[in-house]
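Numbering (the numbering used here), first residue to last: 133 to 1310. No residue lacks a Cβ here, since even glycine has one placed at the ideal position from N, Cα and C. Written out below as structure tokens is the structure these notes cover.
If you want it as structure tokens, here you go:
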């Protein structure tokens, strides 16, 4: 895949846009030269000041007299600065024009928009700075450049080691994360076996590794940051010492030149460093562009937009398949159709029947040409459909799918999608034909009723009929009905059925159906099996053949009878016909949380207070270093006007020494700050993760059913929230202390040396702050507008992509593309507005900077002349305030992290503070000694909290005495497993009670209750550790000896198999037990339940997953395990149930009959039927 080069970035740019970009680039270059140009002025000005000071000293010498022409010079030199400022204002419209290219693809946008401008600007500054250095003083420049590799090495090591250590830290955390994920995915097993405390410990053990890597990262970061600062200060010392030597002894430079060279190289280097991140943005942009351009350039196999292909004048509607073989492109190894040949005659109704997966729906998709056959061909009136125009072909067909897709607009619009130019009469006629007219007219808004997202406000039958109307409004030649009535209840089915038989009249119709009532009336029935048409004929002929069709018919008529009977018995279970509109059920995905209180976050960090105090000290000293630099820097300038050479030398050496001292001190304090805060932060993260995990395991099971609390989501929250909280403590505190001392010391220095000048400069700070604020405000405001607009476009594209088949089937691709483009207008307009605002603010901010410089030096010159202020003080005050300004800027850049941290902490506290409805960790509740295990369900009603619209238990009552076995039988979804979950108290019933030994389970201590119950579930959950650990998991309240494990394994028929493994009991079972077969896993789960020695044993379809042989082994194991215990069995195979004491047959959440096997057989009702057909009970 060829990477997209820069020119391909701009493939879709118009010439006007390219022109704008070029003008922007030119402005950026001009702006880049502004800073080095300032330095030239700065150098000249410094010389002027020094000249003046020396002359003033000489004037005080009575023997000399002189014209004072320098001051005149100072006053005239300032306007130059101002003219310089206007260059940067030129950049304005430039940086902004880039923003015009606001594309949906933000990364590309980043790569071309501001990033290019910034990169050009910074790179220019770098080039100009170095040029200035070499032109004005190559010796000094070379000396400085010679030292700079040391800094580069330090920075490089930091980059590499941080990346590597972060990787190791993540890897170590991944292990803990995997544990968390495993535990949360199998929360029911953990709860059933009381393993919460054990799991929290296991998780915490793995967190220690991650914490240690994090601390190491802090140490290395601290060490090398210190190293870099130290080198920088030593570099200053060297440069000034050598520079002053050149100025004074060899008289090659003036003092101003020294400054120009030194600052030029410094500014150049800094800008080079800042230009680097832009390259990263280019790289990501290129990656993103490659993906997008690939999508744009990809040629579809079947291009639905193309104009090619024939359109027939007259269509009869005869469809024929010639030896068609087909695989779905996504599953090339599965043959869906296998040399299928058949003819569908024009004007007849053909029904396809057959088991699911036989390829019935696939044939319909081939007729619509969503796919082309792998081999063979499909013809319409003898023409291969590949040769016909695709839009025209699809316009001949009306399709009604099994799950009809409606779009989120009005009913009329939805019908209109069938034919663009449909008039209201057409729509009404189609609605009448589809039997939809009456129900539409009953709605308050009639045809203008909104159907909701995906048609959610309509019932199944209504959706079907609107979809049929949509198909009929096209007046199609060919009607394709894919199980068009399967989703309906009998009454609406009859209506829709009538509709369809009306609609089929005089058209070629293909209907796929599972209900026989729909099929009988067809002209021809084709039976499918394994991707072939195996039989065709009328209903009567096929019944006589006793083939596919016959088996389907017989199976169905039996099923219908059984359904009728049970529904007669359960008349009281009223079923609402009109389903809820979906909207109400889905809650908001992200709850809004108020940011947490910082003191509470710090409380969790309390044990680390000594680290925090030490770190803050270090940070304070580091903060003071910057203003100190300003002080020393101006001190050096001051020495140049000292006339006595001895004294001058001594002063310069003194200052250089001070630089060295400051460097060494900052090495230690940086290290201190880095290490202590990293340690405090990592310990906090670990503590929070552990507390969070503990809180999660303490929630009731219902909490985990909420899709927001899926294992994946929870694991992510443990990983991210805990580490984000560090943003409010740890390193952040260090940064804040650092910035504050920096500002404090700077202001003190400035006002101490000249309060007048300080006040003048301070006047400019509000402007800078204001411009910054306006900029961020504007951008944020626009961002939220953009987000809304983007959400709207997102909705359209989602709806279109999710229902692409329907859209292609009705040939409406263009409609959706146009709607999408219209929605993109809004963000585009906003982006242009944004660009202008951004440009003006940016220009204003830059301009203010230059003007501030100009004014303050001008006023400084005035003070030097009128009040005899020493010129070095002018530099001192100005550079102090400038550093404090940058520190302020830095401090404010931490706020986003800080805000994030507060939100993360709030989410975290919300979890910790949540009081579970069924609390595992509490000690309240009854415990008693002689536990028998008598169980009664009294009139229990229950719905799962996450699916509050389906009633699972409808007043269930059943009891089992101590030591008896109760078996539940019934079709799936009738509430069998739910009973087991109520008994374990994963949930409490909504009404009614569950009693154990006559006591209400809600009053019993949870840990005590669960310790008496052993469970073997259908899909046994094993943990990723050895077999022996998995068996020991059965009882987490005590240490289990190896002997007990072996006894349990023998009882579970497991021992021999384990001894045959190379590592015997130490064999690891793999994640979720993936290294073992189902039967082996099942037996380990049984051994685990036996070790618990429970009074009550719950077997939830414990043998359903096994083949007959392993089933017998496991069955034998279970029969042994059941001795002397109360037992509840849920099973699908009758062999497992026959010898139970009580058999209860369930249907729709109530018990319809119960008794022993013999009693129930004698009654000859539901149970008898199940047994005599020998079918699995499902």
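Which one of the options has the shortest CA to CA distance from residue i?
i            : options                : result
residue 876  : 1060, 1087, 753        : 753
residue 1365 : 1290, 471, 450         : What the structure shows of the chain is the stretch from 133 to 1310, and residue 1365 is not part of that stretch, so it cannot be assessed.
residue 442  : 513, 403, 429          : 513
residue 1269 : 1183, 1100, 1224       : 1100
residue 1164 : 1222, 1206, 1188       : 1222
residue 1066 : 1073, 1087, 1037, 1096 : 1096
residue 349  : 293, 1253, 1214, 963   : 293
residue 1007 : 767, 1073, 887         : 767
residue 447  : 517, 1088, 428         : 517
residue 304  : 314, 337, 1228, 274    : 337
residue 1311 : 1040, 326, 189, 331    : The shown model of the chain, from 133 to 1310, leaves out residue 1311, and the question about it has no answer.
residue 1040 : 846, 1152, 1091        : 846
Tell me whether residue i sits in a helix, a strand or coil according to DSSP, three-state version.
i            : result
residue 1168 : coil
residue 459  : coil
residue 658  : strand
residue 874  : helix
residue 549  : coil
residue 1002 : coil
residue 1111 : helix
residue 570  : helix
residue 1192 : coil
residue 639  : coil
residue 774  : coil
residue 231  : In this prediction, residue 231 has a pLDDT of 27, which is less than 50 and means its spatial position is unreliable; what the coordinates show is noted afterwards. Residue state, collapsed to three classes: helix.
residue 1232 : strand
residue 1283 : strand
residue 698  : In this predicted model, residue 698 has a pLDDT of only 43, less than 50, meaning its place in the structure is not dependable; the value taken from the coordinates is given anyway. Three-state result, residue 698: helix.
residue 564  : helix
residue 148  : helix
residue 1126 : strand
residue 1298 : helix
residue 595  : helix
residue 433  : coil
Quick check: residue i and residue j, are their CB atoms within less than 8 Å of each other?
i            : j            : result
residue 1231 : residue 1261 : yes
residue 751  : residue 870  : yes
residue 996  : residue 989  : no
residue 1070 : residue 1124 : yes
residue 832  : residue 1048 : yes
residue 536  : residue 599  : yes
residue 342  : residue 485  : no
residue 881  : residue 1010 : no
residue 346  : residue 851  : no
residue 594  : residue 571  : yes
Could you tell me whether any Cβ in chain B is nearer than 8 Å to the Cβ of residue i?
i           : result
residue 729 : Within the model displayed, chain B is absent; a lone protein chain is all it includes.
Taking the continuous alpha helix (DSSP H) assigned at residue i, which residues delimit it?
i            : result
residue 521  : Residue 521 -> no alpha helix (DSSP H), and no H or E assigned at all.
residue 1221 : 1210 to 1223
residue 667  : Element bounds for residue 667: not the alpha helix (DSSP H) but the beta strand (DSSP E), 664 to 669.
residue 360  : 328 to 380
residue 1073 : From DSSP, residue 1073 is part of no alpha helix (DSSP H) but of the beta strand (DSSP E) over 1067 to 1075.
residue 286  : 270 to 317
For the beta strand (DSSP E) holding residue i, just list the boundary residues, first then last.
i            : result
residue 506  : Element bounds for residue 506: n/a, residue is neither H nor E.
residue 1147 : 1145 to 1148
residue 1087 : 1083 to 1092
Inter-stretch contact (C-beta, 8 Å, three-pair minimum) for the segment 365 to 379 and the segment 387 to 399 = yes
ask   = When the Cβ atoms of the segment 999 to 1015 are set against those of the segment 155 to 174, are three or more pairs found closer than 8 Å?
value = no
inquiry  = Contact between the segment 278 to 290 and the segment 824 to 837 is defined here as three or more beta-carbon pairs at a separation below 8 Å; is this criterion met?
reply    = no
ask   = Is the segment 251 to 267 close to the segment 392 to 404, with three or more CB pairs under 8 Å?
value = yes
task = Evaluate the contact criterion for the segment 517 to 533 versus the segment 941 to 951: three or more CB pairs, one atom per stretch, below 8 Å.
result = yes
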